[in-house]
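**Student:** Going by our numbering, the sequence shown opens with residue 1174, and the numbers climb by one from there. Structure in structure tokens, see below.
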Amino acid sequence: MRAAESSIVTTFQDLGVSAPILKALEAEGYTIPTPIQLQALPIVQKGRDLIGLAQTGTGKTAAFALPILDRLHKDRKHAGEKSCRTLVLAPTRELAAQIGDSFRTYGRFLGLSTTVVFGGASMHKQKQAMFRGVDILVATPGRLLDHVSQRSIRLDKVEILVLDEADHMLDMGFIHDLRRIATILPRQRQTLFFSATMPAAIEELAAQFLDSPEKVSVAPQSTTAERVQQAVIHVDQSKKQDLLHALLADKSVKRALVFARTKHGADRVAKKLESGGFNADAIHGNKSQGQRTRALDGFKKGQTRILVATEVAARGIDVDDISHVINYDLPNVPEQYVHRIGRTARAGAGGIAISFCAPDERAYLKDIERLTKQAVPVMETDMSLRAPRADERVQRPKGPAGRSSSPHPARKHAPKKHHASEAHGAAHAKQGHAPSRARDEGDRRDRKGNSVWSNNGPAPKYRKQTRKPLGAPR
Ligand code: AMP
């Protein structure tokens, strides 16, 4: 977040950001634009389509929110009933809520309206919020389509579309929803597309949405956040909880985000912490929206010292003062490691990331080191196992995730189950339910890399998607 040392520093004012927004930025303590903001703002201001290769933590939200707010402010008009002028799509509820908060914060002196809609919350309240029309609508794709089919929102007046964390959207099986949304948006619009990675599937998706886009890129995905001090502790799986308690007993751990691979794992770890006298909570997709919001708020306000989270539930968590990220389980997709540890180096701060590595996770550690092109230093503790020698062969866990270091091994090797889960989501939505929490949450693989879907009984049968006709409102 630190600006490049330079005698001529570009400010938000230099970038043409209007006075009421500058006032809000000043109140937030933003003085210097981040690299993605420096690059993206002039392009968006020109009205061009944009592909932004940037991760959470780079300031990408403001990179699209500021020029959008500027444009809506300078060209004021009413969106129209059940309509929106800007549509922002995000993969998770937490990220959607956070984007909504950012728009409200940066635009607080503008009097523009922002509404956020996602699954797991009341449809009725969301309908009411959209009824008179909104300037900015932030939505998860499944819930947005539910509203479109119930005619509580129309998309034919959308002037600006933002797709945030496009790679996570694909990971979470939103591809069909996105394609469907693409068909009902007006062709004449500006589109801003953000993704941390750019595999072929994302390029294809981008081609479908964008028109001659300009491309900007910051911090390539394989660069581990430089300010994060990393360490790995080799430990037996059965000793991990004791090790966690020992680490957290240290008062220098001010605020810790602990990652577990599964929802049950997260719950187990949090419960044991609590019974060990620690101030801890858990956040994952089996929790209600209210519980998730409360857990996150408590963590943000410093009331909860330790938050145990699954990968997906933690996406978009934007808490500035996380002193430690602890990987209770190592992620089986190496990019997730980079993403997780980046949580502890927000807004210019440094941080510490400690990973527990059981013998059957050593292959994951190798994948991470290959991606980041650096060895994670080994930390010795009383509970440590002997660290493997550099030439020692690691045993690959069974399952697709362990066999490949490609960015999306699950998709590559298990297309059928993935497909079935999406179909289930569609069928579920058709029956008038909120999109399946599991789909929104995506905690798809257990520690051994097996698909969680297949463990929960037979995969749901594919049913043809038959939503109500889309289009003009009543
Ligand atoms: P994002 O990548 O959008 O999630 O932003 C990461 C964090 O950086 C958030 O906490 C923002 O509030 C903060 N941030 C964004 N832009 C700036 C800036 N120009 N100066 C300082 N902090 C910023």
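Ideal placement from N, C-alpha and C gives every residue a C-beta, glycine not left out.
#1: Give the straight-line distance between the Cα atoms of P1359 and H1418, rounded to the nearest whole angstrom.
#2: Give a single yes or no on whether A1676 has its beta carbon closer than 7 angstroms to a heavy atom of the ligand AMP.
#3: Can you pull the DSSP bridge partners for F1432?
#4: For the ligand NAD, I want to know if G1232 counts as a neighbour, meaning its beta carbon is within less than 7 angstroms of at least one of the ligand's heavy atoms.
#5: Ends of the beta strand (DSSP E) at F1472?
#6: Does the beta-carbon distance from H1457 to K1436 come in below 8 angstroms?
#7: Which residues mark the beginning and the end of the alpha helix (DSSP H) in which E1387 is found?
#8: When we look at the beta-carbon of H1251 and count the other beta-carbons within 10 Å, is it buried (16 or more) or exposed?
#9: Sort P1561, I1224, L1334 and V1182 by Cα distance to A1369 and report the nearest one.
#10: Return helix, strand or coil for A1294, following the three-state DSSP convention.
#11: Are at least three pairs of beta-carbons, each pair with one atom in the segment 1280-1290 and one in the segment 1334-1346, less than 8 angstroms apart?
#12: Determine the extent of the beta strand (DSSP E) in which G1225 is found, giving its start and end residues.
#13: Closer than 8 angstroms by C-beta to E1542: which residues in its own chain qualify, once you throw out the five before and the five after it? Chain order, please.
#14: In three-state DSSP terms, what is A1369?
#15: Hey, which unbroken runs of the alpha helix (DSSP H) at 4 residues or more fall wholly within the segment 1397-1456?
#16: Scan the segment 1188-1276 and note each continuous beta strand (DSSP E) run of 3 residues or more that stays entirely inside, going in chain order.
#17: Where K1142 and G1220 are concerned, what is the direct C-alpha to C-alpha distance, given to the nearest angstrom?
#18: Closer than 7 angstroms to a non-hydrogen atom of the ligand AMP - does that hold for the CB of I1525?
#19: DSSP state of V1289, grouped into three classes?
#20: Quick one: what's S1528 bridged to in DSSP?
#21: How is A1312 classed by DSSP in three states: helix, strand or coil?
#22: Assuming the contact rule is C-beta atoms closer than 8 angstroms, K1233 and I1209 should be a hit. Round their C-beta distance to whole Å, please.
#23: Can you list, in chain order, the residues of its chain with a C-beta nearer than 6 angstroms to that of N1459? Leave out the 5 residues immediately preceding and following it.
#24: What does the alpha-carbon distance come out to for the pair G1346 and D1555?
#25: For L1336, which of helix, strand or coil comes out of DSSP?
#26: Roughly how many angstroms separate the alpha carbons of R1465 and A1486, rounded to a whole number?
#27: Taking the straight line between their C-alpha atoms, what separation do you get for Y1510 and P1504?
#28: Output yes or no for whether 8 angstroms exceeds the beta carbon distance between P1264 and M1342.
#29: If I follow the unbroken alpha helix (DSSP H) through I1514, where does it start and stop?
#30: On the CB-based measure, 16 or more other CB atoms within 10 Å of its CB, does D1319 come out buried or exposed?
#31: Looking at the unbroken alpha helix (DSSP H) that takes in D1540, where does it start and where does it end?
#32: How would you label T1517, buried or exposed, when you count the other beta carbons within 10 angstroms and need 16 or more for buried?
#33: Give me the residue from A1197, R1562 and V1261 with the minimum Cα distance to H1407.
#34: Quick one: grab the DSSP three-state call for Q1363.
**Tutor:** Put simply:
#1: Looking up residue 1359 in the sequence shown gives position 186. Looking up residue 1418 in the sequence shown gives position 245. For P1359 and H1418, the distance between alpha carbons rounds to 54 angstroms.
#2: The structure shown does not extend to residue 1676, since the chain is modelled only from 1174 through 1647, so no value can be given for it.
#3: Here residue 1432 refers to the residue found at position 259 of the sequence shown. Note: F1432 sits in a beta bridge opposite A1482 and N1500.
#4: Of the ligands this structure carries, namely the ligand AMP, none is the ligand NAD.
#5: Here residue 1472 corresponds to residue number 299 of the sequence shown, with the count starting at 1. Counting along the chain, F1472 falls outside any beta strand (DSSP E), though it belongs to the alpha helix (DSSP H) covering Q1462 to K1473.
#6: The residue given as residue 1457 occupies position 284 in the sequence shown. The residue given as residue 1436 occupies position 263 in the sequence shown. Against a cut-off of 8 angstroms, the Cβ pair of K1436 and H1457 comes out as a contact.
#7: As a first step, residue 1387 must be located in the sequence shown, where it is residue number 214. Per DSSP, E1387 belongs to no alpha helix (DSSP H); it is in the beta strand (DSSP E), E1387 to S1390.
#8: Sequence index remark: in the sequence shown, residue 1251 carries index 78 (1-based). Exposed.
#9: Position 196 of the sequence shown, counting from 1, holds the residue named residue 1369. Ranking the options by Cα distance to A1369, first place goes to I1224.
#10: The sequence position of residue 1294 within the sequence shown is 121, counting from 1. It is coil, neither helix nor strand.
#11: no
#12: Taking the first residue of the sequence shown as position 1, residue 1225 is located at position 52. G1225 -> beta strand (DSSP E) spans L1223 to L1226.
#13: Indexing the sequence shown from 1 puts residue 1542 at position 369. These residues qualify, in order along the chain: A1548 and V1549.
#14: On the sequence shown, residue 1369 is found 196 positions in, with the first residue counted as 1. Coil, per DSSP.
#15: 1413-1421 and 1436-1448
#16: 1223-1226 and 1257-1262
#17: In the structure as shown, the chain starts at 1174 and stops at 1647, and residue 1142 therefore has no counterpart that could be examined.
#18: Here residue 1525 refers to the residue found at position 352 when the sequence shown is read from its first residue. The answer is no for I1525.
#19: In the sequence shown, counting from the first residue as 1, residue 1289 sits at position 116. Strand, per DSSP.
#20: As a position in the sequence shown, residue 1528 is number 355, starting the count at 1. Its beta-bridge partners are V1405 and N1500.
#21: Reading the sequence shown from its first residue, position 139 is the one you call residue 1312. In the structure shown, A1312 sits in a strand (DSSP, three-state: E or B).
#22: To locate residue 1233, count along the sequence shown from 1; it is residue 60. To locate residue 1209, count along the sequence shown from 1; it is residue 36. Rounded, the Cβ-Cβ distance is 5 angstroms, consistent with contact.
#23: Looking up residue 1459 in the sequence shown gives position 286. Cβ within range, chain order: K1436.
#24: For the purposes of this step, residue 1346 is identified with residue 173 of the sequence shown, where counting begins at 1. For the purposes of this step, residue 1555 is identified with residue 382 of the sequence shown, where counting begins at 1. Each residue's alpha carbon lies about 43 angstroms from the other.
#25: Residue 1336 sits at position 163 when you count from the first residue of the sequence shown. Correct three-state label for L1336: strand.
#26: On the sequence shown, position 292 is the one that residue 1465 refers to. On the sequence shown, position 313 is the one that residue 1486 refers to. So the alpha carbons of these two residues sit roughly 9 angstroms apart.
#27: Indexing the sequence shown from 1 puts residue 1510 at position 337. Indexing the sequence shown from 1 puts residue 1504 at position 331. Whole-angstrom Cα-Cα distance: 6 angstroms.
#28: If you number the sequence shown from 1, residue 1264 lands on position 91. If you number the sequence shown from 1, residue 1342 lands on position 169. Yes.
#29: Indexing the sequence shown from 1 puts residue 1514 at position 341. That run of the alpha helix (DSSP H) goes P1507 to I1514.
#30: Reading the sequence shown from its first residue, position 146 is the one you call residue 1319. Buried, by the Cβ-count rule.
#31: Here the question's residue 1540 lines up with position 367 in the sequence shown. Start and end: R1535 to T1545.
#32: Counting from 1 along the sequence shown, the entry for residue 1517 is found at position 344. The residue in question, T1517, is buried, as its Cβ has 16 or more Cβ neighbours within 10 Å.
#33: The residue labelled residue 1407 in the question sits at position 234 within the sequence shown. Closest option to H1407, Cα to Cα, is R1562.
#34: Here residue 1363 refers to the residue found at position 190 of the sequence shown. Looking at Q1363 - three-state DSSP - the assignment turns out to be strand.
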